[in-house]
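A quick write-up on the structure given underneath.
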Amino acid sequence: MSNFNESQQPIRVAHLQVQSDLDEVDRVLQWFEQFYAVLSESLWMQAKLVMVEGLTNAVRHAHENLPRSTPIDLEVRVSFRSTRDF
């Protein structure tokens, strides 16, 4: 994976806040669609899997005993270099 250089301008940055609820997976996937145009199909598919796995782990494990209303903040940064790594 690439090391993100803070001085490198990202192609796209996006934020989303969801609740600690597995029903939010569809919303996260819809939000993530915006990155299809800037990533290779292979990298986009891998990143989708990472997004779902990360959300699932947060809900099932990290937030296991917390209310569903507990927020999860997501951020995706795509840099020129990261689109070429895979």
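When we follow my numbering, the leftmost residue of the sequence shown carries the number 2, and every step to the right adds one.
A virtual CB, placed ideally from N, CA and C, is assigned to each residue, including glycine.
Here the structure is a predicted model, which means the values were calculated and not measured.
Please report the residue range of the alpha helix (DSSP H) in which Val79 lies. Along the sequence shown, read from residue 1 onward, the residue named residue 79 stands at position 78. No alpha helix (DSSP H) contains Val79, which is instead part of the beta strand (DSSP E) from 72 to 80.
Classify Phe33: buried if its beta carbon has 16 or more other beta carbons within 10 angstroms, exposed otherwise. Taking the sequence shown and counting its residues from 1, one reaches residue 33 at position 32. Looking at its Cβ environment, which holds 16 or more other Cβ atoms inside 10 Å, Phe33 is buried.
Would you identify the three-state DSSP class for Arg69, choosing helix, strand or coil? Translated into the one-based positions of the sequence shown, residue 69 becomes position 68. Reduced to three states, the DSSP call for Arg69 is coil.
Beta strand (DSSP E) segment containing Gln18, residue limits: What you label residue 18 is simply residue 17 of the sequence shown in a count that begins at 1. Residues 11 to 20.
Do three or more CB pairs link the region 16 to 32 to the region 41 to 54 at distances below 8 Å? yes
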